[in-house]
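Student:
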Amino acid sequence: MTPNPYLWLVPILPLAGAAINGFFGRRSSKKAISTVALVFCGAAFAMALFLAAGFSSASAPYYLDLAHWIRSGNFQVDFSFYLDQLSLVMLLVVTGVGFLIHIYSVGYMWDDDGYYRFMSYLNLFMFFMLTLVLAKNYLVMFIGWEGVGLASYLLIGFWFTKDSAAAAGKKAFIVNRIGDFGFLIALFLMIKHFGSLDFTRVFAAVQPLSPETAGAGLLTAIGLLLMVGAAGKSAQIPLYVWLPDAMEGPTPVSALIHAATMVTAGVYMVARSSAIFERAPMAMMVVAIIGTLTALFAATIGIAQTDIKKVLAYSTVSQLGYMFMACGVGAFSAGIFHLMTHAFFKGLLFLAAGSVIHGVGGEQDMRKMGGLRVYMPWTFATMGIATLAIAGIPPLAGFWSKDEILWKAFNASWVYWLIGVITAFITSFYMFRLMYMTFGGEYRGGAAQDAHGHDAHGHDDHSHGHGHGEPHESPWVMLGPLVVLAVLSVFGGWVAGYNNHFEQFLAPVFQGASDVAQEASPEAGKSTLEYLLMVVSVGVAGLGWLLAYLLYSRRPELPARIAASLGGLYQAVSNKYYIDELYAVLFVKPLVDGSTTILWHGVDQGIIDATVNDSADAARHVSDRARHMQSGNLRSYAGWIAAGAAVVIAYMVWMGVR
Amino acid sequence: MVPLSYYLLLSGILFVCGVLGFLIKRNIITIFMSIELMLNGVNLSFVAFAAHWHALSGQVFVFFVMVVAAAEAAVGLAIIIAVYRTRETLNVDQVNLLKL
Chain U
16 MTPNPYLWLV PILPLAGAAI NGFFGRRSSK KAISTVALVF CGAAFAMALF
66 LAAGFSSASA PYYLDLAHWI RSGNFQVDFS FYLDQLSLVM LLVVTGVGFL
116 IHIYSVGYMW DDDGYYRFMS YLNLFMFFML TLVLAKNYLV MFIGWEGVGL
166 ASYLLIGFWF TKDSAAAAGK KAFIVNRIGD FGFLIALFLM IKHFGSLDFT
216 RVFAAVQPLS PETAGAGLLT AIGLLLMVGA AGKSAQIPLY VWLPDAMEGP
266 TPVSALIHAA TMVTAGVYMV ARSSAIFERA PMAMMVVAII GTLTALFAAT
316 IGIAQTDIKK VLAYSTVSQL GYMFMACGVG AFSAGIFHLM THAFFKGLLF
366 LAAGSVIHGV GGEQDMRKMG GLRVYMPWTF ATMGIATLAI AGIPPLAGFW
416 SKDEILWKAF NASWVYWLIG VITAFITSFY MFRLMYMTFG GEYRGGAAQD
466 AHGHDAHGHD DHSHGHGHGE PHESPWVMLG PLVVLAVLSV FGGWVAGYNN
516 HFEQFLAPVF QGASDVAQEA SPEAGKSTLE YLLMVVSVGV AGLGWLLAYL
566 LYSRRPELPA RIAASLGGLY QAVSNKYYID ELYAVLFVKP LVDGSTTILW
616 HGVDQGIIDA TVNDSADAAR HVSDRARHMQ SGNLRSYAGW IAAGAAVVIA
666 YMVWMGVR
Chain B
1321 MVPLSYYLLL SGILFVCGVL GFLIKRNIIT IFMSIELMLN GVNLSFVAFA
1371 AHWHALSGQV FVFFVMVVAA AEAAVGLAII IAVYRTRETL NVDQVNLLKL
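Here it is as structure tokens:
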């Protein structure tokens, strides 16, 4: 490992930006705020590029021990940073996409009263995310882990005067806390059994353990607990419920935190812990199964959503499922590859959706959009590219990464592959459904207000629409990032291309891992089978597109009829399988009721308050009685003196004091 | 010879009468007289002890007490007259302006 004195600059720069904007932003001009936020975020990006420039797949990892933190006997944890090929990929994605979204936010949030607050939070998020990515041990990673949770909470609840936003922020925070609980226990197990939290030392301690030896139970436990943490942060079953609600936050937040970077932290953590997972086949299987189920489950919910951001939210959950599926079958580099391409096209999708929402004056319901390709050609073009990418149409980014995952999944079990392909079909369908509903047909906003609905109305109709008037294209400060991300969505997948360049780049990181599980991996070129599978996955993507075209472009009246004929099933899907309601009954209600009756009324009011109040009452009652002695009536005092004297005399007489 | 305990018993009765009168009565003059009664109850026990022990100091004390009581009576009666002139009452419960 090579020491590198510059590593700490990467996370600290955005923190400086956050501090400056947070403390002085209220009195600064918006130009100054934007400059500070962009300069510090851009500097972090520049630092990342600088570090990347001297880094290849053969490089030894960089590290930096910044300061001592905990020194207790043999156990020690330092503030130390670490950069290897895996961190570098994450670093570039986080700073690169983050910087683009910072630029976009300048346009999107310009008119908001809390502009300085927003920019400060964004920079703060960058700081924590970079800490997470660059950590050299699990505890520093945990700082970042919790910190991004905090930033996420602050940004989801950014419009905190809105009840739903405040509630969504709390929900995200609490659900994440459940996952963090698992993560923490995994850390405690590591401290107890390996005596360290440092990545290199933990993995070195794990190295001699094989799945057959006695240590396997421990590794399985650690792996499962880490997965609990990852499921919370990366919105997997059963903890995914917070992510769709998180769409209450401003759209750049959804793009940055809830699509491109933070939610992929769980994938990163699992990939980082690959040495542990590889030696715990049970935990691996659980990861794969959870990922696969989440991918399918979330995708089906995505079909019936009408809120443009909700569709993308469920799509994100589903794509994260893919990544976990990849990690679960041992294809960590494929998972990270999909993480990267997903950051490009999903970030782009959210930003484009934000551009749409911006253009139509805050409307998020796709049923009130339509025909926007005429008004917003740039948004349409970039979002179209992202849609092609996520659907897996070659040669765009999503095709390469998704195909890689499906191929690796097929090698593990055809069941994963089959569910993956079905998910790919659904993904393609709901994404093109979104495209047709938003950009195809005619504009339904405004006109929907008069009872005729959207039929028989021409383009000139919305002149008497209310509110914002015509939909309009967004300013260039917003379109610029869209275009850059669109380019990345097209070409981002080519780094992996045919020659598995990406996998080779990450090979040093997953070296230990691949010894165990990947020995059967067919590195010897592409077989006919792989091409066949590729054709199948492209085929289903095309099929999904075709179906969406038929249903939402050719026969727009058909979906409603299909929905009606499906009845209960459609209701269930449209209402997200009533999972929120189920959780409310299973967990929230017992917790609230238990807290109310036992903890609040019972313990707090019955015991704690009662003790204090009763002793105070008793003191007051006694005092109430005693108060009458102090009447101010001279003769009653004299009476007391006489009585006292009588008592003393009686005592002396009877007790015989001499 | 009358035994000492008789004197002391009478002295105690006189003193208790004085205390009760002081506590119960409202009229200032009655209260004043009750105080005199208490003083004289004590005086009685002083002289009784003095006679019993053949010591003169008890009798000397009684003279002191009588002197002080005479002075007190002079001042006290003057105050009572002053109070009656201003308030036209001798009920102590109505002379409580200084009470908080």
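Protein chains in written order, with the numbering used here: chain U, 16 to 673; chain B, 1321 to 1420.
For every residue, glycine included, the Cβ atom is placed at its ideal position computed from N, Cα and C.
The structure displayed is predicted, hence computed values, not measured ones.
How is the alpha helix (DSSP H) around ILE400 (chain U) delimited, first residue to last?
Tutor: Its alpha helix (DSSP H) spans residues 392-406.
Student: With DSSP run on the structure shown, which of helix, strand or coil describes HIS643 (chain U)?
Tutor: HIS643 (chain U) falls in the coil class under three-state DSSP.
Student: Is VAL1395 (chain B) close to chain U, meaning its C-beta is less than 7 Å from at least one C-beta of that chain?
Tutor: No, VAL1395 (chain B) does not count as interfacial toward chain U.
Student: Please confirm whether GLY654 (chain U) has its beta-carbon closer than 7 Å to some beta-carbon of chain B.
Tutor: Taking Cβ atoms only, chain B reaches closer than 7 Å to GLY654 (chain U), which makes this a yes.
Student: Go ahead and pull the three-state DSSP assignment for GLN251 (chain U).
Tutor: Three-state DSSP puts GLN251 (chain U) in coil, outside helix and strand.
Student: Using beta-carbon positions only, say whether PHE143 (chain U) and GLY159 (chain U) come within less than 7 Å of one another.
Tutor: Yes, the Cβ-Cβ distance between PHE143 (chain U) and GLY159 (chain U) is below 7 Å.
Student: Quick check on GLN379 (chain U): does DSSP put it in helix, strand or coil?
Tutor: It is coil, neither helix nor strand.
Student: Would you mind working out which of U:ILE48, U:GLY456 and U:ALA246 sits nearest VAL302 (chain U), comparing C-alpha positions?
Tutor: Per the Cα distances, U:ALA246.
Student: Measure the alpha-carbon distance for THR276 (chain U) versus VAL109 (chain U) and round it to whole angstroms.
Tutor: Distance between the alpha carbons of THR276 (chain U) and VAL109 (chain U): 6 Å.
Student: If we call anything under 7 Å between Cβ atoms a contact, is ALA270 (chain U) one with ILE116 (chain U)?
Tutor: Against a cut-off of 7 Å, the Cβ pair of ILE116 (chain U) and ALA270 (chain U) comes out as a contact.
Student: Would PHE360 (chain U) pass as a contact of ALA313 (chain U) if the rule is Cβ separation under 7 Å?
Tutor: Not in contact: PHE360 (chain U) and ALA313 (chain U) (Cβ atoms no closer than 7 Å).
Student: Which residues in the same chain as ARG1341 (chain B) place their Cβ atom closer than 6 Å to its Cβ, once the five residues preceding and following it in sequence are excluded?
Tutor: The sequence as given places Gly at residue 1341 (chain B); Arg does not occur at that position. So the qualifying residues of the chain are SER1354.
Student: When DSSP labels each residue in this structure, what does ASN1360 (chain B) get in the three-state scheme?
Tutor: The answer is helix: DSSP assigns ASN1360 (chain B) an H, G or I state.
Student: Label THR146 (chain U) either buried or exposed according to how many other C-beta atoms from any shown protein chain fall within 10 Å of its C-beta, with 16 as the threshold for buried.
Tutor: Result: buried.
Student: Would you say LEU1364 (chain B) reaches chain U, if we count a Cβ-Cβ gap shorter than 7 Å as a contact?
Tutor: No, LEU1364 (chain B) does not count as interfacial toward chain U.
Student: Does VAL663 (chain U) have its Cβ less than 7 Å from a Cβ in chain B?
Tutor: By this cut-off, VAL663 (chain U) is not an interface position.
Student: To the nearest angstrom, how far is the alpha carbon of LYS151 (chain U) from that of MET141 (chain U)?
Tutor: Looking at the two C-alpha atoms, the distance is approximately 18 Å.
Student: Could you name the residues of the same chain whose beta carbon sits closer than 8 Å to that of LEU387 (chain U), not counting the 5 residues immediately before and after it, in chain order?
Tutor: So the qualifying residues of the chain are VAL371, GLY374, VAL375, THR394, PHE395, THR453, PHE454, TYR458 and PRO486.
Student: Please confirm whether VAL1339 (chain B) has its beta-carbon closer than 7 Å to some beta-carbon of chain U.
Tutor: It does: the Cβ of VAL1339 (chain B) has a partner Cβ on chain U nearer than 7 Å.
Student: Consider the Cβ of LEU1343 (chain B): report whether some Cβ of chain U lies at a distance smaller than 7 Å.
Tutor: Yes, because at least one Cβ of chain U sits closer than 7 Å to the Cβ of LEU1343 (chain B).
Student: Quick one: what's got a C-beta closer than 8 Å to LEU106 (chain U)'s C-beta in the same chain, skipping five residues either side?
Tutor: Same-chain partners within the cutoff: VAL25, ALA63, LEU66, ALA67, LEU98, LEU145, VAL148 and LEU149.
Student: Which chain B residues sit within Cβ distance under 9 Å of ALA181 (chain U)?
Tutor: The contacting residues do not exist; ALA181 (chain U) stays about 55 Å from chain B at best.
Student: Residues of chain B with CB under 8 Å from ALA657 (chain U), in chain order?
Tutor: Within 8 Å Cβ-Cβ: VAL1339 and LEU1343.
Student: Within 7 Å of any Cβ in chain B, is that where the Cβ of ASP650 (chain U) sits?
Tutor: Reading off the sequence shown, one finds Arg at residue 650 (chain U), where the question assumed Asp. Taking Cβ atoms only, chain B reaches closer than 7 Å to ARG650 (chain U), which makes this a yes.
Student: How should ALA358 (chain U) be labelled, buried or exposed, when 16 other C-beta atoms within 10 angstroms of its C-beta is the threshold for buried?
Tutor: Looking at its Cβ environment, which holds 16 or more other Cβ atoms inside 10 Å, ALA358 (chain U) is buried.
Student: Figure out for me which residue from U:LEU548, U:GLN100, U:PRO409 and U:GLY554 has the closest Cα to the Cα of ASN426 (chain U).
Tutor: That would be U:LEU548, whose Cα lies nearest to the Cα of ASN426 (chain U).
Student: Is the segment 436-446 of chain U touching the segment 404-422 of chain U, taking contact as three or more C-beta pairs under 8 Å?
Tutor: As far as the Cβ criterion goes, the segment 436-446 of chain U touches the segment 404-422 of chain U, which means the pair count is three or higher.
Student: Which residue from U:LEU363, U:LEU601 and U:PHE55 puts its Cα closest to that of VAL112 (chain U)?
Tutor: When each option's Cα is compared against that of VAL112 (chain U), the closest is U:LEU363.
Student: Which runs of the alpha helix (DSSP H) at least 4 residues long sit entirely within the segment 419-443 of chain U? Give them in chain order.
Tutor: Listed in chain order, nothing qualifies, since the segment 419-443 of chain U has no complete alpha helix (DSSP H) run of 4 or more residues.
Student: Quick check on this structure: which residue in U:THR215, U:ILE316, U:ALA341 and U:ASP260 has the alpha carbon closest to the alpha carbon of ILE291 (chain U)?
Tutor: It is U:THR215.
Student: Which whole runs of the alpha helix (DSSP H) in the segment 540-626 of chain U are 4 residues long or more, in chain order?
Tutor: Correct list: 543-564, 573-581, 583-589, 594-598 and 604-609.
Student: Report the residue from U:ALA82, U:MET242, U:SER330 and U:GLU263 whose alpha carbon sits nearest the alpha carbon of SER288 (chain U).
Tutor: When only C-alpha atoms are compared, the closest one is U:MET242.
Student: Out of curiosity, what's the CA-to-CA distance linking PHE55 (chain U) and SER167 (chain U)?
Tutor: Answer to the nearest angstrom: the Cα atoms are 20 Å apart.
Student: DSSP on HIS83 (chain U), reduced to helix/strand/coil?
Tutor: HIS83 (chain U): strand per DSSP, three-state reduction.
Student: So, is PRO29 (chain U) buried or exposed, given that buried needs 16 or more other C-beta atoms within 10 angstroms?
Tutor: Buried, since its Cβ has 16 or more Cβ neighbours within 10 Å.
Student: Here's the rule: buried if 16 or more other CB atoms are within 10 angstroms of the residue's CB, otherwise exposed. What is ASP639 (chain U)?
Tutor: Exposed is the call here.
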